[in-house]
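Chemist: Everything in the sequence shown is counted per the working numbering, starting at 28 for the first residue and increasing by one. A virtual CB, placed ideally from N, CA and C, is assigned to each residue, including glycine. These numbers come from a predicted model, not from an experiment.
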Amino acid sequence: MKRILFVDDQPELLEGLRRVLRSQRSTWQMEFVQSGAQALDLIDQQPFDVVVSDMRMPIMDGADLLNEVMRRTPDTVRIMLSGQSDQEQILRAVGPVHQYLSKPCNCDLLKDSINRACALRDLFRGPQLLSLVASVPKLPSIPRVYQQLVELLQSPDVSVKSIGDLISQDLAISCRLLQLVNSCFFGWPSLIESPTHAASLIGLDRLRALTLSAGVFTQFEGNLPREISLDDLMQRSLLTSMAAQRLMLLERPNDATSANEAMLAGIVMDVGHLILLQSRPDDYPRLLDSACCDGKQIWEIESQNYEVTHAELGAYLVGLWGLPDRIVEALAYHHTPRSCTDDEFSVLTAVHVADALVQELDSTSHWPFGAVLDQDYLRTLGLEHRIPVWREQTAALLPGNTT
Ligand SMILES: [Fe+2]
Numbered sequence: 028m029k030r031i032l033f034v035d036d037q038p039e040l041l042e043g044l045r046r047v048l049r050s051q052r053s054t055w056q057m058e059f060v061q062s063g064a065q066a067l068d069l070i071d072q073q074p075f076d077v078v079v080s081d082m083r084m085p086i087m088d089g090a091d092l093l094n095e096v097m098r099r100t101p102d103t104v105r106i107m108l109s110g111q112s113d114q115e116q117i118l119r120a121v122g123p124v125h126q127y128l129s130k131p132c133n134c135d136l137l138k139d140s141i142n143r144a145c146a147l148r149d150l151f152r153g154p155q156l157l158s159l160v161a162s163v164p165k166l167p168s169i170p171r172v173y174q175q176l177v178e179l180l181q182s183p184d185v186s187v188k189s190i191g192d193l194i195s196q197d198l199a200i201s202c203r204l205l206q207l208v209n210s211c212f213f214g215w216p217s218l219i220e221s222p223t224h225a226a227s228l229i230g231l232d233r234l235r236a237l238t239l240s241a242g243v244f245t246q247f248e249g250n251l252p253r254e255i256s257l258d259d260l261m262q263r264s265l266l267t268s269m270a271a272q273r274l275m276l277l278e279r280p281n282d283a284t285s286a287n288e289a290m291l292a293g294i295v296m297d298v299g300h301l302i303l304l305q306s307r308p309d310d311y312p313r314l315l316d317s318a319c320c321d322g323k324q325i326w327e328i329e330s331q332n333y334e335v336t337h338a339e340l341g342a343y344l345v346g347l348w349g350l351p352d353r354i355v356e357a358l359a360y361h362h363t364p365r366s367c368t369d370d371e372f373s374v375l376t377a378v379h380v381a382d383a384l385v386q387e388l389d390s391t392s393h394w395p396f397g398a399v400l401d402q403d404y405l406r407t408l409g410l411e412h413r414i415p416v417w418r419e420q421t422a423a424l425l426p427g428n429t430t
């Protein structure tokens, strides 16, 4: 039985929620309170699996409440209900909130969001995953420069120069970033020499994704077995992220947020491989080799040997970093999308299809561990007929093609 707490200062709104969610009483134990103080009293008595809070409340607003929930019970899923005019508070709550839902909230969407968030958290409570994570000497952290860049991009005073200056402060990340920007699939006619120059050319969303890539992958430099090429994996992730963004925009042209999430998810999609390489340096390279030889998918071999996959490990890590749930979900299921209860083209769909098509089409890649296109999943979504278009769009991104 999941314990769910709803917090809203308007009693009629709580009453409405209580009424529409009555059918959930067999699987959810629900509590409804009108203030942050009452919510924290209940949490101190017994933690909740999920807290759903309104944003605008007197004395303690939703951002302050969810911050405190995060501090007291970090495993609790935190969902915010917010209105159109709450932009300022939303920015303040970027860290402590797993998911935003806009008011008035559709009942089915609310139920689905809570169920999906709980399923993700359950995935991460397995003893195998936790013991494997505990064996990694130092888990990679979310790059500081990336966090500062996200904050800077929200500022009204942001300029190309201020962005370039910020990234230049970290020499290792700057070098990696310039290496990525100057790689062949961007196809710039002349060398890009500085982060400021890059910021002026490639667009801020893409720069943000590349900064995340550079910041994550530099943490593994010098810590991997010799036979594993960090460059191969980084190039592959970059290509997949660009394909995922393109497919998302193709299917949902007005949804820039999802396109950016698909791009970021593509960048970090396979970071779980790097965690496994650090955690199991003696036998994981051998497993990667055996996947190449016997034609099995890598996630199946990982699951047989470790009872956990690189997909789950990567999802766990970016969940710790506070990236949005849709990115966490895309990582967790990028090889097995039918495990998710999606019913339309989503960030997960974009990442799964991009990963599989880049694997299929990029004959120059030395990274053979991409997903295999799940046609049954796409048939269930009613999207099988889109595959030829997606294939064409992905092929256009490959080095040597003009986009
Ligand atoms: Fe993968």
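Can you tell me where the alpha helix (DSSP H) holding Gln386 begins and where it ends?
Modeler: Working through the sequence shown from its first residue, we reach residue 386 at position 359. First-last of the alpha helix (DSSP H) with Gln386: 374-388.
Chemist: Between the beta-carbon of Val378 and the beta-carbon of Ala271, is there less than 7 Å?
Modeler: Residue mapping note: residue 378 aligns to position 351 of the sequence shown, counting from 1. Residue mapping note: residue 271 aligns to position 244 of the sequence shown, counting from 1. Closer than 7 Å, so yes.
Chemist: Spell out a yes or no on whether the segment 178-186 and the segment 143-162 are touching, meaning 3 or more CB-CB pairs, one atom from each, closer than 8 Å.
Modeler: No contact exists between the segment 178-186 and the segment 143-162.
Chemist: Following a CB-centred definition, is Asp282 positioned closer than 6 Å to any heavy atom of ligand 1?
Modeler: Residue 282 sits at position 255 when you count from the first residue of the sequence shown. The answer is no for Asp282.
Chemist: State buried or exposed for Met296, treating a residue as buried only when at least 16 other CB atoms are found within 10 Å of its CB.
Modeler: Looking up residue 296 in the sequence shown gives position 269. Buried: at least 16 other Cβ atoms inside 10 Å.
Chemist: Could you check what DSSP says for Asp71 in three-state terms: helix, strand or coil?
Modeler: Position 44 of the sequence shown holds residue 71. Three-state result, Asp71: helix.
Chemist: Does the segment 236-250 come close enough to the segment 193-210 that 3 or more CB-CB pairs lie under 8 Å?
Modeler: Touching, yes, given that three or more Cβ pairs across the two stretches are closer than 8 Å.
Chemist: Please report the straight-line C-alpha distance between Pro426 and His224, rounded to a whole angstrom.
Modeler: For the purposes of this step, residue 426 is taken as residue 399 along the sequence shown, with counting starting at 1. For the purposes of this step, residue 224 is taken as residue 197 along the sequence shown, with counting starting at 1. Going from the Cα of Pro426 to the Cα of His224 covers about 22 Å.
Chemist: With DSSP collapsed to three states, give me the class of Ile255.
Modeler: Mapped onto the sequence shown, residue 255 falls at position 228. The answer is coil: DSSP assigns Ile255 none of H, G, I, E or B.
Chemist: Indicate the three-state DSSP secondary structure (helix, strand or coil) for Ser200 in the structure shown.
Modeler: In the sequence shown, residue 200 corresponds to position 173, counting from 1. Before going further, note that residue 200 is Ile rather than Ser in the sequence given. Here Ile200 sits in helix by DSSP.
Chemist: Roughly how many whole angstroms lie between the Cα atoms of Pro164 and Asp310?
Modeler: If you number the sequence shown from 1, residue 164 lands on position 137. If you number the sequence shown from 1, residue 310 lands on position 283. Looking at the two C-alpha atoms, the distance is approximately 17 Å.
Chemist: What residues are listed by DSSP as bridge partners for Ser80?
Modeler: As a working note, residue 80 is residue 53 in the sequence shown. Answer by DSSP bridge pairing, in chain order: Val34, Met107.
Chemist: Could you tell me the distance, in whole angstroms, from the CA atom of Ala318 to the CA atom of Leu237?
Modeler: By one-based count along the sequence shown, residue 318 stands at place 291. By one-based count along the sequence shown, residue 237 stands at place 210. Computed Cα separation, rounded: 29 Å.
Chemist: Judging by CA-CA distance, which residue of Val60, Gly89, Ala226 is the nearest neighbour of Glu42?
Modeler: Position 15 of the sequence shown, counted from the start, is the residue given in the question as residue 42. Closest by alpha carbon: Val60.
Chemist: Where does Ser343 sit, in a helix, a strand or coil, going by DSSP?
Modeler: Position 316 of the sequence shown, counted from the first residue, corresponds to residue 343. Sequence check: residue 343 is Tyr here, not Ser. Three-state DSSP puts Tyr343 in a helix.
Chemist: Tell me whether Asp297, by its Cβ, gets closer than 6 Å to a heavy atom of ligand 1.
Modeler: For the purposes of this step, residue 297 is taken as the residue at position 270 of the sequence shown. Yes; taking the cut-off as 6 Å, the Cβ of Asp297 has a heavy atom of ligand 1 nearer than that.
Chemist: When DSSP labels each residue in this structure, what does Thr430 get in the three-state scheme?
Modeler: Looking up residue 430 in the sequence shown gives position 403. Model confidence at Thr430 stands at a pLDDT of 45, short of 50, so the residue's coordinates are unreliable; what they give is reported in the following sentence. Thr430 falls in the coil class under three-state DSSP.
Chemist: Starting from Val60 and walking both ways along the beta strand (DSSP E), at which residues does that stretch end?
Modeler: The residue you call residue 60 lines up with position 33 of the sequence shown. 55-60 is the span of the beta strand (DSSP E), which, as asked, contains Val60.
Chemist: Can you tell me which residues form a DSSP beta bridge with Val127?
Modeler: Here the question's residue 127 lines up with position 100 in the sequence shown. As written in the sequence, residue 127 is Tyr, which differs from the Val given in the question. The partner list for Tyr127 (beta bridge, DSSP) reads Met107.
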